[in-house]
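Student: Just so it is clear: in the sequence shown, position 143 is 143 by the UniProt record's numbering, and no numbers are missing. All residues carry an ideal CB built from backbone N, CA and C; glycine is no exception. All figures in this text were calculated on a predicted structure; none of them were measured in a lab. I'd like to ask you about the structure that follows.
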Amino acid sequence: MYAFNSRVRYSEVDHTELMTLPALINYFQDCSTFQSEDIGLGIEVLKERGKVWVLSSWQIEVARYPKMGERITVETWATGFDGLYGTRNFRMKDEAGNVAAYANSIWVFMDTKKNRPIRPQDEDVEAYGVEEPIDMEYAPRKIALPEKAERGEEFPVLRSQIDTNEHVNNCQYIQMALEIMPECSRAGSIRVEYKKSAVLGDIIVPYTAVLPERKVVELCGLDGKRFAIVEFKEN
Numbered sequence: 001m002y003a004f005n006s007r008v009r010y011s012e013v014d015h016t017e018l019m020t021l022p023a024l025i026n027y028f029q030d031c032s033t034f035q036s037e038d039i040g041l042g043i044e045v046l047k048e049r050g051k052v053w054v055l056s057s058w059q060i061e062v063a064r065y066p067k068m069g070e071r072i073t074v075e076t077w078a079t080g081f082d083g084l085y086g087t088r089n090f091r092m093k094d095e096a097g098n099v100a101a102y103a104n105s106i107w108v109f110m111d112t113k114k115n116r117p118i119r120p121q122d123e124d125v126e127a128y129g130v131e132e133p134i135d136m137e138y139a140p141r142k143i144a145l146p147e148k149a150e151r152g153e154e155f156p157v158l159r160s161q162i163d164t165n166e167h168v169n170n171c172q173y174i175q176m177a178l179e180i181m182p183e184c185s186r187a188g189s190i191r192v193e194y195k196k197s198a199v200l201g202d203i204i205v206p207y208t209a210v211l212p213e214r215k216v217v218e219l220c221g222l223d224g225k226r227f228a229i230v231e232f233k234e235n
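Below, the structure written as structure tokens:
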């Protein structure tokens with residue numbers, strides 16, 4: 001297991017003085033990045049090898065959103081490697097050791113030169129180790145699409161949304177969905193299915209659906225192909 005301690009910053013909260021959902025997800029994302037850097041499998045090493053781990057899906061469960069100034073611990077660990085895929089859990093705890101949020105994620109190992117998935121070698125995964133997964137109800141990787149969805153106003157990908165892979169960062173899709181459905185900012189259960197990487201210059205066309213137990217945002221391109229699907233559920 002890899003962990004780091006932090007404190008909720010003013011820049012990570014909204015008008016309620018509670019951590020935002022994107023900030024929470026960024027903590028998880030940063031934790032896995034820190035682990036990769038510390039075990040010698042960081043960004044520059046993978047770039048030299050022409051490899052990258054690409055996030056395929058999130059399942060995030062939030063018990064509560066930490067308050068501004070609160071001290072937290074963020075943890076992550078690999079739970080398995082199977083073929084082209086790797087699975088990883090995350091957990092955020094408060095100072096008393098209570099779990100504020102936890103998550104499961106599925107990753108695909110990619111050859112960046114051939115732009116296709118490949119099976120990771122021992123040198124790509126051994127340093128991570130494998131630990132027992134969180135005892136939780138695991139949702140499928142794929143999100144069931146609504147029969148009907150309402151088309152929203154299209155918008156461009158911004159330069160500030162691009163990460164080191166020259167793609168829209170994983171968390172930015174969730175931020176886009178929240179701009180469209182701000183009422184979901186305190187969702188208790190969040191799932192994301194990533195379909196295709198958006199890049200600078202792309203236009204996002206959102207489609208939304210409000211269903212009895214969930215709300216869904218489909219983020220598509222002008223060609224109708226989906227970049228990501230985000231699902232929100234209340235606590």
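Check for me: the alpha helix (DSSP H) holding ALA63 runs from which residue to which?
Tutor: Residue mapping note: residue 63 aligns to position 63 of the sequence shown, counting from 1. Segment: none, ALA63 is in no alpha helix (DSSP H) and carries neither H nor E.
Student: Under 7 Å Cβ to Cβ from ASP202, same chain only, skipping five residues before and after it: list those, please.
Tutor: Here residue 202 refers to the residue found at position 202 of the sequence shown. For ASP202, where only same-chain residues beyond five positions count, the Cβ hits under 7 Å are VAL157, GLY221.
Student: Buried or exposed for LEU178, please, with buried defined as at least 16 other CB atoms from any protein chain shown within 10 angstroms of its CB.
Tutor: As a working mapping, residue 178 is identified with position 178 in the sequence shown. Classification of LEU178: buried, given that the 10 Å Cβ count is 16 or more.
Student: Give a yes or no on whether the C-beta atoms belonging to SER197 and VAL168 are separated by under 8 Å.
Tutor: Indexing the sequence shown from 1 puts residue 197 at position 197. Indexing the sequence shown from 1 puts residue 168 at position 168. Their beta carbons are under 8 Å apart, which means SER197 touches VAL168 by this criterion.
Student: Bridge partners for SER57 per DSSP, in chain order?
Tutor: The residue labelled residue 57 in the question sits at position 57 within the sequence shown. For SER57, which the question treats as bridged, DSSP gives the partners ILE106, GLU193.
Student: At a cut of 8 Å, does the stretch 113 to 126 reach the stretch 181 to 192 through at least three beta carbon pairs?
Tutor: The stretch 113 to 126, when compared against the stretch 181 to 192, does not touch it at the 8 Å Cβ threshold.
Student: I need the straight-line Cα distance from PRO147 to MET1, nearest angstrom please.
Tutor: Translated into positions along the sequence shown, residue 147 becomes position 147. Translated into positions along the sequence shown, residue 1 becomes position 1. Note that residue 147 corresponds to Glu in the displayed sequence, not to Pro. Those two C-alpha atoms are separated by around 41 Å.
Student: Going by the beta-carbon positions, is the gap between MET92 and TYR10 smaller than 8 Å?
Tutor: In the sequence shown, residue 92 corresponds to position 92, counting from 1. In the sequence shown, residue 10 corresponds to position 10, counting from 1. No. Outside cutoff.
Student: Can you find the residues in the same chain that come closer than 7 Å, C-beta to C-beta, to ASN235, ignoring five residues on each side of it along the sequence?
Tutor: Reading the sequence shown from its first residue, position 235 is the one you call residue 235. Excluding positions up to five away in sequence, the list reads GLY188.
Student: By DSSP's criteria, ARG151 is part of a beta bridge. Which residues make up the other side?
Tutor: What you label residue 151 is simply residue 151 of the sequence shown in a count that begins at 1. Bridge partners of ARG151: TYR207.
Student: Short check: CB of ALA228 to CB of TYR194, under 8 Å?
Tutor: Translated into the one-based positions of the sequence shown, residue 228 becomes position 228. Translated into the one-based positions of the sequence shown, residue 194 becomes position 194. Cβ distance < 8 Å, so ALA228 and TYR194 count as in contact.
Student: With 16 other CB atoms within 10 Å as the buried threshold, where does VAL210 fall?
Tutor: As a working note, residue 210 is residue 210 in the sequence shown. Its Cβ having fewer than 16 others within 10 Å, VAL210 is exposed.
Student: For MET19, I'd like the list of residues in its chain whose CB is within less than 7 Å of its CB, leaving aside the five on either flank, ordered along the chain.
Tutor: Taking the sequence shown and counting its residues from 1, one reaches residue 19 at position 19. Closer than 7 Å at the Cβ level, and outside the excluded window around MET19, lie VAL8, GLU12, VAL13, TYR65, PRO66.
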